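Below: the structure, in structure tokens.
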Amino acid sequence: ANYGVKKGVYMYEVKVVQHHIVKMPETKPVNHNILRCGFSQPLTSLFLGDTAEGWGWGGTGKKSHNNNFQDYGGSFGEGDVIGCVIDMDQGTISFLKNGEFMGVAFDNVPPAAAQTGIFPHLLMKNVACKVNFSRKTAWFDTPGPQVKWFDEAPEDHCIVNPVEHPESIQDSEFLMLCGLPACGKTYWAQKHMEANPMKNYVLLGTNAVIDQMKVWNLNRQRNYADRWQELISQATPIFNKLVEIAGRTPRNIILDQTNVYKSARGRKASAFQDFGKRICVTLVTDEDTLAQRTDKREREEGKFVPVQAVNQMRANFVAPELEDGFTDIVYPELPEREARQMIGQIKSGGSDWSRRNPGQKGQAPKSRLESRPTDQLPAWKGKGKGNWDEKDKSRDRSRTPGPGGGDGKGGGGKGSW
């Protein structure tokens with residue numbers, strides 16, 4: 001929500017209007033459509049209940065806080081109205097279902113929340129909802145006279161959400177990352193998001209999509225290769241749809257893919273042509289640094305890009321230009337002049353390798369991950385399984401991407417940031 005509270009006892013309601021029809025044959029029906037509602041502190045995980053700053057109750061009948069899921073209140077779904085009550089004075093959170101008080105769910109809202117504020121928060125999976133903050137439009141009464149509605153909070157009880165929300169496409173910012181596999185694109189994105197939390201960046205990429213998939217009995221960190229074809233077959237169309245939606249939505253976007261092909265880069269950038277800032281962040285390193293980072297990624301993440309695929313990218317690597325659809329181009333690693341010289345060497349080396357290895361398939365061993373640009377992927381078939389309440393606690397689901405978990409439910413010149 002755009003406003004939260006820092007004192008008093010307040011309530012809002014959310015009604016599950018519709019469960020969207022989805023095709024998820026490998027997922028239990030109970031996990032097809034989920035609403036999780038509750039509260040969180042600002043500038044924290046959008047995955048409600050996964051961190052210490054969020055408290056939620058989900059439709060599967062689980063309350064969640066700090067990645068800890070416990071039975072509470074029973075299940076709810078289409079047609080149900082959930083009341084969410086925050087008592088800032090006592091540090092408690094309670095819920096109602098269709099007007100019936102379910103009891104105190106949490107009693108550990110920290111005193112520090114009086115400074116940061118607590119905000120209504122919804123996490124939705126394939127559902128449509130309506131939210132009510134007013135007594136005039138309430139579906140049910142509050143559980144007692146001491147509980148007020150959010151729109152009744154006086155100014156000294158309220159606090160504005162500090163997160164930026166662009167009011168128009170023109171006010172929005174689009175960052176496209178560009179560089180070879182393992183050059184440091186995702187790491188740069190993580191650090192940039194951490195340094196600019198108010199920007200509320202949305203990170204888009206096939207890896208980000210896969211990180212939001214919950215797969216039964218699979219620790220993705222070490223076993224990507226075992227299911228990569230199945231995962232990417234699901235992640236790619238999702239990613240393409242997200243890009244389509246993102247291009248017409250006022251948000252600050254980071255597009256995390258290799259984007260070394262000029263034609264593909266221009267095509268993707270065109271979806272964001274109306275954004276006020278369109279910046280290509282080009283990461284080019286020397287060969288020794290790239291080799292070290294590649295080895296580190298293979299060892300720590302199990303991600304392996306076939307030699308043939310890498311050299312195809314090398315042979316087709318073209319430095320970005322403003323004419324590709326950008327308002328600025330920045331080079332965070334090698335300066336622009338050196339980076340362009342290095343790209344020339346990279347391109348030449350990739351072409352030489354291809355000439356020396358005609359017909360080379362470069363397939364990776366089955367025990368390692370094959371990763372390619374999405375526009376080069378075949379139409380693989382696969383299956384995926386999801387569960388919102390069987391948690392992989394080694395994975396965090398924060399606004400800033402990184403190792404973390406979830407419940408299945410992402411030219412020229414140097415720019416100023």
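Each residue of the sequence shown is one higher than the last, beginning at 1 in the UniProt record's numbering. All C-beta atoms in this analysis are idealised placements derived from N, C-alpha and C, irrespective of residue type, glycine included. Owing to the predicted nature of the structure, the values given are computational and were not obtained by experimental measurement.
Cβ shell of residue i (< 6 Å), same chain only, five flanking positions each side left out
{"i": "Pro197", "result": "Leu43"}
{"i": "Tyr331", "result": "Thr282 and Ala339"}
{"i": "Cys280", "result": "Met176, Cys178, Pro320, Phe326 and Ile329"}
{"i": "Lys6", "result": "Ala114, Gly117 and Ile159"}
{"i": "Phe101", "result": "Pro143"}
{"i": "Met24", "result": "His32"}
{"i": "Gln257", "result": "Gly205"}
{"i": "Tyr261", "result": "Asn316"}
{"i": "Gly83", "result": "Met11, Glu13 and Leu96"}
Buried or exposed (CB count within 10 angstroms, at least 16 for buried), residue i
{"i": "Asp71", "result": "exposed"}
{"i": "Ala153", "result": "buried"}
{"i": "Gly4", "result": "buried"}
{"i": "Asn98", "result": "exposed"}
{"i": "Glu194", "result": "exposed"}
{"i": "Asp89", "result": "exposed"}
{"i": "Arg285", "result": "The question names Arg, but residue 285 in the sequence shown is Thr. Its Cβ being crowded by 16 or more others within 10 Å, Thr285 is buried."}
{"i": "Ala112", "result": "exposed"}
{"i": "Ser134", "result": "exposed"}
{"i": "Glu26", "result": "exposed"}
{"i": "His65", "result": "buried"}
{"i": "Lys268", "result": "buried"}
{"i": "Arg278", "result": "buried"}
Residue i: first and last residue of the uninterrupted alpha helix (DSSP H) it sits in
{"i": "Ala128", "result": "Looking at the DSSP string, Ala128 is not in any alpha helix (DSSP H); the run it does join, the beta strand (DSSP E), is Val127 to Asn132."}
{"i": "Glu300", "result": "Glu287 to Glu301"}
{"i": "Trp57", "result": "Per DSSP, Trp57 belongs to no alpha helix (DSSP H); it is in the beta strand (DSSP E), Gly54 to Gly58."}
Opposing strand residues paired with residue i [DSSP bridges]
{"i": "Glu100", "result": "Lys97"}
{"i": "Pro120", "result": "Phe39"}
{"i": "Gly83", "result": "Glu13 and Leu96"}
{"i": "His19", "result": "Val127"}
{"i": "Asp171", "result": "DSSP lists no partner for Asp171."}
{"i": "Thr236", "result": "Partner(s): none; Thr236 has no beta bridge."}
{"i": "Gln70", "result": "Lys63"}
{"i": "Val209", "result": "Val209 pairs with nothing; no bridge assigned."}
{"i": "Ile254", "result": "Leu175 and Leu203"}
Cβ neighbours of residue i in the same chain (closer than 7 Å, five flanking residues each side left out)
{"i": "Trp353", "result": "Asn311"}
{"i": "Pro365", "result": "Residue placement at Pro365 is poorly supported in this model, since its pLDDT is 38, which falls under 50; the coordinates are not used for a value here."}
{"i": "Lys48", "result": "In the sequence under discussion, the amino acid at residue 48 is Leu, which differs from the Lys named in the question. Cβ neighbours of Leu48 beyond the five flanking positions: Arg36, Gly38, Ser40, Gly54, Gly56, His121 and Leu123."}
{"i": "Phe275", "result": "Ile169, Ser172, Glu173 and Phe174"}
Any non-hydrogen atom of the ligand FAD closer than 6 Å to residue i Cβ
{"i": "Gly8", "result": "Summarising the ligand content, the structure contains no ligands, and the ligand FAD is consequently not present."}
Cβ shell of residue i (< 8 Å), same chain only, five flanking positions each side left out
{"i": "Asp315", "result": "The sequence given here places Ala at residue 315; Asp does not occur at that position. Once the five neighbours on either side are set aside, the close Cβ partners of Ala315 are Lys347, Gly350, Ser351, Trp353 and Ser354."}
{"i": "Ala271", "result": "Val243, Glu244, Ala246 and Gly247"}
{"i": "Gly184", "result": "Leu283, Thr285, Arg293 and Glu333"}
Range covered by the beta strand (DSSP E) that runs through residue i
{"i": "Ser64", "result": "Lys62 to His65"}
{"i": "Val330", "result": "Asp328 to Val330"}
{"i": "Gly349", "result": "No beta strand (DSSP E) holds Gly349; the alpha helix (DSSP H) holding it covers Glu336 to Arg356."}
{"i": "residue 418", "result": "There is simply no residue 418 to check, as the chain begins at 1 and stops at 417 in what is shown."}
Segment contact flag, the region 252-261 with the region 199-212, C-beta cutoff 8 Å, min 3 pairs = yes
Is the region 130-146 touching the region 7-22 in the sense that three or more CB pairs, one from each, lie closer than 8 Å?
-> yes
At least 3 beta-carbon pairs within less than 8 Å: the region 229-245 vs the region 281-301 = Using a C-beta cut-off of 8 Å, the region 229-245 makes no contact with the region 281-301, since fewer than three inter-stretch Cβ pairs fall below that distance.
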